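Residue numbers (full-length UniProt numbering): 1 to 139.
Glycine included, C-beta positions come from ideal geometry on N, C-alpha and C.
Model, not experiment: these values are computed from the prediction.
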Amino acid sequence: MPDEEIRKHRQDLQIILTDGEDKDIDAIDLFEELLILREMVDNNMTAIQTLTLVKKSLGSFSNVEVALRILLTIPIASAGAERSFSKLKLIKHFLRNSLSQFKLAGLALIDIESEIGDSLSLENILDTFAAQKARKKMF
Numbered sequence: 001m002p003d004e005e006i007r008k009h010r011q012d013l014q015i016i017l018t019d020g021e022d023k024d025i026d027a028i029d030l031f032e033e034l035l036i037l038r039e040m041v042d043n044n045m046t047a048i049q050t051l052t053l054v055k056k057s058l059g060s061f062s063n064v065e066v067a068l069r070i071l072l073t074i075p076i077a078s079a080g081a082e083r084s085f086s087k088l089k090l091i092k093h094f095l096r097n098s099l100s101q102f103k104l105a106g107l108a109l110i111d112i113e114s115e116i117g118d119s120l121s122l123e124n125i126l127d128t129f130a131a132q133k134a135r136k137k138m139f
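Below is the structure:
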């Protein structure tokens, strides 16, 4: 990435990460850290590998560390449409399975308590409710 583009983006990042007088990063220091880090990092390294390298440097790249931590947490908060739909599919599958388990548990309970159910007389239950003469009954 050209130096001019880095300068522009580091300034934008500083503006975004500023709250009143508090700054999470310093744009000038970030630019200098990125220039040094660019020489140390291989192009095939992932962001997590780069963060691990930065942490091992014992605070030499504090602004880069903050920026990388933000970078690594953003995809969780703003997933793309395809990722959202695949997660939706997983959630629906989980809910179907858990609902099936709930239904199976209910059927098992009915089967286990079938002796009690068989001993109840449906006519006696209906007569009990009819004798109360209530249109609405709270259970």
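Contact set for residue i: own chain, Cβ-Cβ below 6 Å, skip 5 residues either direction
| i | result |
| --- | --- |
| L51 | L68 |
Coarse secondary structure for residue i, derived from DSSP in three states
| i | result |
| --- | --- |
| D118 | helix |
| D19 | strand |
| S66 | Before going on, a small fix: residue 66 reads as Val here, not Ser. DSSP places V66 in helix when its eight states are reduced to three. |
| Q11 | helix |
Contact set for residue i: own chain, Cβ-Cβ below 8 Å, skip 5 residues either direction
| i | result |
| --- | --- |
| D26 | Q14 and N63 |
Distance, residue j Cα to residue i Cα
| i | j | result |
| --- | --- | --- |
| L35 | L53 | 15 Å |
| S119 | L90 | 44 Å |
| L88 | L72 | 22 Å |
| A47 | E39 | 15 Å |
| E21 | Q11 | 16 Å |
Endpoints, alpha helix (DSSP H) assigned at residue i
| i | result |
| --- | --- |
| T46 | Careful: T46 lies outside any alpha helix (DSSP H) and carries neither H nor E. |
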